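Here is the structure we will look at.
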Amino acid sequence: MNIIDLTAADCDFQAEVASRSGQDLKTCYQCGNCTAGCPYTFAYDVPVSQIMRLIQAGQRETVLNSKSLWLCASCQSCTTRCPNSIDVAKVMDVCRHMARENGCVSERTSKLFTDAFLQSVEKHGRAFELGLMATYTMKSGRFFDNIALGPPALLHNKLSLKPHSIQGKEQVARIFERFRKGE
Amino acid sequence: MAKIAYYPGCSGQSTSLEYDLSTRAVCRALGIELVDIEDWSCCGSTPAHTVNHVLSAALSARNLALVEQQGMDTVTTPCPSCLSNLRTAAHKMEDASFRDQANALLDTPCTTKIETLSVLQVIAEQVDAETIRAKVVRPLTGLKVACYYGCIMNRPPALMQFDNHENPMAMDKLMGLLGAEVVPYPLKVECCGASFGVPRVDIVTRLAGKLLDAGRDLDADAFVTACPLCQMNLDMRQGQINTALKENFRIPIFYYTQLLGYALGIDDKELKFNKLCVNPRPVFKKLSELKEAAQAG
Chain A
182 MNIIDLTAAD
192 CDFQAEVASR
202 SGQDLKTCYQ
212 CGNCTAGCPY
222 TFAYDVPVSQ
232 IMRLIQAGQR
242 ETVLNSKSLW
252 LCASCQSCTT
262 RCPNSIDVAK
272 VMDVCRHMAR
282 ENGCVSERTS
292 KLFTDAFLQS
302 VEKHGRAFEL
312 GLMATYTMKS
322 GRFFDNIALG
332 PPALLHNKLS
342 LKPHSIQGKE
352 QVARIFERFR
362 KGE
Chain B
26 MAKIAYYPGC
36 SGQSTSLEYD
46 LSTRAVCRAL
56 GIELVDIEDW
66 SCCGSTPAHT
76 VNHVLSAALS
86 ARNLALVEQQ
96 GMDTVTTPCP
106 SCLSNLRTAA
116 HKMEDASFRD
126 QANALLDTPC
136 TTKIETLSVL
146 QVIAEQVDAE
156 TIRAKVVRPL
166 TGLKVACYYG
176 CIMNRPPALM
186 QFDNHENPMA
196 MDKLMGLLGA
206 EVVPYPLKVE
216 CCGASFGVPR
226 VDIVTRLAGK
236 LLDAGRDLDA
246 DAFVTACPLC
256 QMNLDMRQGQ
266 INTALKENFR
276 IPIFYYTQLL
286 GYALGIDDKE
296 LKFNKLCVNP
306 RPVFKKLSEL
316 KEAAQAG
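Line order of the protein sequences matches chains A and B.
Sequential numbering of the first sequence, starting at 182, is according to the numbering used here.
Sequential numbering of the second sequence, starting at 26, is according to the numbering used here.
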């Protein structure tokens, strides 16, 4: 059992999540509907309803270091089923943004995939699936995870071998540049 | 019928080429005129919104601005992930301060609200059931299909505003019009594991395996999908799922546009059944056997 020290509550954390997500987090009364419908609970270290409670209790470190943030697929089950209309998936997204900004990465492969995807978009203007898979594989060293996909992908010509670069790719690259400058 | 701007999405150029081609062919047959957005770019997909909401909105809004520049106010896309991003961006940009932040990242700002609809919604709402029924030349009579919508075609309901968010029926009705027997599939909106196939394949084999298992329990001959990622997880990864779960699934996974196109008599070359990893031939064999039996009987 994890023991939570309520006297060490970080109220700024609670306020920051509330303001960045635009959600009234106080209305969560722990009914557990989000966790009941979450397909990822089996893979989470902290179920989503407990993430909500930990935010209320100002537990910055526990939340931002949780693997769950990186394993949420934003499938919207929690948001759709919350009886108090809290956009729970948005809260998870905002916590993930904060984890990333603070260098808390508890699921490295998940972050590497996201980075490889966005690098591909920044470079070509569109996602180039084969290229981003190569980048991800090199950076993660996970050479064998998806080797079984090789034969069906080749046999059915599933992957484009060339990126579909667009004329406005510099415009897309500038979106990323301006974003980084503003951060 | 009015023209509508068309956003194919990145996977439509690669892993879901057959979805893009069959979508175009079906829309042509149903009188929906798709106008390609010139020089469209990636909507940012899930990766962008997990990093930052303004970045995500700007990547989507570049495309909304292009729709605006082409003098149109509505865009349609076959991909639920693109749909979700484009709709989210337009919705968030109704807030003036958020809009300024997103537009500040763009060369050309997006100034009006562009509506994004799924191609499924356009077909369901703008094409009359009788029109479709009258065009069916190869009915799917006797074929048992499970319609799987995926997690974000209809969710969250306040944003998507289409169909029922727990029990969507648009594809069920469409397949019914074509003569198919639609099984009451209970996991229509359960997540397939999304893009975790790359960083955590164990998650996808478990979640997608559960989806296939429920289809098999209902004796479905095939799945009908509307999302490139769902289709890939169920189809291209079916071998991986079998290995991981010690299963022996062999269930063909179609895009709804492929079966719709087949029923409308569109040439197989435009529907690209050869792109499917799990062999769909048993489905067509069953259909022709049922047809022969009906003719003989």
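Each residue gets a CB set at the ideal place from its N, CA and C atoms; glycine is no exception.
Quick caveat, the model's predicted, so the values are computed rather than measured.
Exercise. Is there contact between the stretch 31-41 of chain B and the stretch 316-333 of chain A, where contact requires at least three CB pairs shorter than 8 Å?
Worked result: Contact between the stretch 31-41 of chain B and the stretch 316-333 of chain A is absent, because fewer than three Cβ pairs lie under 8 Å.
For this session: Enumerate, from N- to C-terminal direction, the unbroken alpha helix (DSSP H) stretches of 4 or more residues contained entirely within the stretch 301-343 of chain A.
Result: Taking only runs of at least 4 residues, the alpha helix (DSSP H) segments lying wholly in the stretch 301-343 of chain A are 310-321 and 331-336.
Exercise. How should Gln257/A be labelled, buried or exposed, when 16 other C-beta atoms within 10 angstroms of its C-beta is the threshold for buried?
Worked result: By the beta-carbon neighbour count (other beta carbons within 10 angstroms, threshold 16), Gln257/A is buried.
Exercise. Can you list the beta strand (DSSP E) stretches of 3 or more residues lying completely in the stretch 117-198 of chain B, in chain order?
Worked result: Restricting attention to beta strand (DSSP E) runs no shorter than 3 residues, the stretch 117-198 of chain B encloses them at 140-143 and 169-173, ordered along the chain.
Exercise. Taking Cβ positions only, does Thr208/A come closer than 8 Å to chain B?
Worked result: Thr208/A does not count as touching chain B.
Problem set entry | Residues near Ser109/B in its chain [Cβ-Cβ closer than 7 Å; skip 5 each side] | For Ser109/B, where only same-chain residues beyond five positions count, the Cβ hits under 7 Å are Ile177.
Exercise. According to the Cβ coordinates, are Val223/B and Met314/A closer than 8 Å?
Worked result: Yes; because the gap between Cβ atoms is below 8 Å, this pair is in contact.
Problem set entry | Selected residue, minimal CA-CA separation from Gln146/B, among Val303/B, Lys316/B and Thr48/B | Minimum Cα distance to Gln146/B is reached at Thr48/B.
For this session: Measure from the C-beta of Lys339/A to each C-beta in chain B and report whether the shortest distance is under 8 Å.
Result: Output row for Lys339/A: interface = yes.
Problem set entry | Range covered by the alpha helix (DSSP H) that runs through Thr261/A | Run containing Thr261/A: Ser258 to Arg262, per the alpha helix (DSSP H) assignment.
For this session: Give every residue of the same chain whose Cβ lies closer than 6 Å to the Cβ of Ala205/B, excluding the five residues on either side of it in the sequence, and list them in chain order.
Result: If we look at Ala205/B and ignore the five residues flanking it on each side, its Cβ neighbours are Leu165, Leu168 and Val170.
Problem set entry | Ala121/B beta carbon less than 8 Å from that of Val79/B | Cβ atoms of Val79/B and Ala121/B: not closer than 8 Å.
Problem set entry | Contacting residues, own chain, Cβ-Cβ under 7 Å from Gln240/A (five flanking each side not counted) | Result list for Gln240/A: Ile185, in chain order.
Exercise. For Val303/B, which of helix, strand or coil comes out of DSSP?
Worked result: If DSSP states are grouped into helix, strand and coil, Val303/B belongs with coil.
Problem set entry | Rounded separation between Glu351/A and Gly306/A - CA only | Roughly 8 Å between the two C-alpha positions.
For this session: Select from Gln237/A, Gly213/A and Ser202/A the residue whose C-alpha is nearest the C-alpha of Pro228/A.
Result: For the set Gln237/A, Gly213/A and Ser202/A, the Cα lying nearest the Cα of Pro228/A is the one of Gly213/A.
For this session: Could you pull out every unbroken beta strand (DSSP E) segment of at least 3 residues lying fully inside the stretch 73-122 of chain B, listed in chain order?
Result: 99-102, all fully within the stretch 73-122 of chain B.
Exercise. Are the C-beta atoms of Gly322/A and some chain B residue less than 8 Å apart?
Worked result: By this cut-off, Gly322/A is not an interface position.
Problem set entry | Spatial distance of Asn265/A from Ala233/B (CA atoms) | Straight-line Cα distance between these residues: approximately 30 Å.
For this session: Report back the beta-carbon spacing between Val208/B and Pro193/B to the nearest angstrom; my notes put them in contact at under 8 Å.
Result: The beta-carbon distance between Val208/B and Pro193/B, rounded to whole angstroms, is 15 Å. This is too long to meet the 8 Å contact definition.
Problem set entry | Residues of the stretch 172-198 of chain B whose Cβ lies closer than 7 Å to any Cβ of chain A, in chain order | Against chain A - using a Cβ distance shorter than 7 Å - the residues of the stretch 172-198 of chain B are Cys176, Ile177, Arg180, Pro181, Pro182 and His190.
For this session: Could you please give me the residues that DSSP links to Asp61/B through a beta bridge?
Result: Per the DSSP secondary-structure output, Asp61/B pairs in a beta bridge with Tyr31/B.
Exercise. Who are the Cβ neighbours of Met261/B in its own chain at under 7 Å, not counting the five residues just before and after it?
Worked result: Cys302, listed in sequence order.
Exercise. Applying the criterion that 16 or more other CB atoms from any shown protein chain within 10 Å of the CB defines a buried residue, is Arg281/A buried or exposed?
Worked result: With 16 or more Cβ atoms within 10 Å of its Cβ, Arg281/A is classed as buried.
Problem set entry | Bridge partners - Glu206/B, DSSP secondary structure assignment | Glu206/B pairs with Lys169/B.
For this session: Give me whichever residues DSSP pairs with Val249/B in a beta bridge.
Result: According to DSSP, which records beta bridges pairwise, Val249/B is partnered with Cys172/B and Phe279/B.
Exercise. How would you call Asn183/A, buried or exposed, if buried means at least 16 neighbouring beta carbons within 10 angstroms?
Worked result: Exposed, because fewer than 16 other Cβ atoms sit within 10 Å of the Cβ of Asn183/A.
Problem set entry | Inter-stretch contact at 8 Å, needing at least 3 Cβ pairs: the stretch 353-360 of chain A / the stretch 92-107 of chain B | Contact fails: fewer than three Cβ-Cβ distances are below 8 Å.
Exercise. Would you say Ala129/B faces chain A, with C-beta separation under 8 Å as the test?
Worked result: Answer yes: the Cβ-Cβ gap between Ala129/B and chain A drops below 8 Å somewhere.
Exercise. Between the stretch 70-90 of chain B and chain A, which residues of the former have a C-beta closer than 8 Å to a C-beta of the latter?
Worked result: If the cut-off is 8 Å between Cβ atoms, the stretch 70-90 of chain B has Ser70, Thr71, Pro72, Ala73, His74, Thr75, Val76, Asn77, His78, Val79, Leu80, Ala83, Leu84 and Arg87 near chain A.
Exercise. From what residue to what residue does the alpha helix (DSSP H) around Met233/A run?
Worked result: Per DSSP, the unbroken alpha helix (DSSP H) holding Met233/A starts and ends at Val229 to Gln237.
For this session: Would you please verify whether the beta carbon of Asp205/A is less than 8 Å from any beta carbon of chain B?
Result: At a cut-off of 8 Å between beta carbons, Asp205/A makes no contact with chain B.
Exercise. Would you call the stretch 200-211 of chain A and the stretch 270-278 of chain A touching, i.e. three or more CB-CB distances under 8 Å?
Worked result: The stretch 200-211 of chain A, when compared against the stretch 270-278 of chain A, does touch it at the 8 Å Cβ threshold.
Exercise. With 8 Å set as the bound, which would you pick, yes or no: does the beta-carbon of Leu187/A sit closer than that to a beta-carbon of chain B?
Worked result: For Leu187/A, the closest Cβ of chain B is not nearer than 8 Å.
Problem set entry | Arg225/B - DSSP class collapsed to helix/strand/coil | Arg225/B falls in the coil class under three-state DSSP.
Problem set entry | Sequence-distant residues of the same chain with beta carbon closer than 6 Å to Ala297/A, five excluded per side | Excluding sequence positions up to five before and after Ala297/A, its CB lies within less than 6 Å of the CB of Leu313, Thr316 and Tyr317, all in the same chain and listed in chain order.
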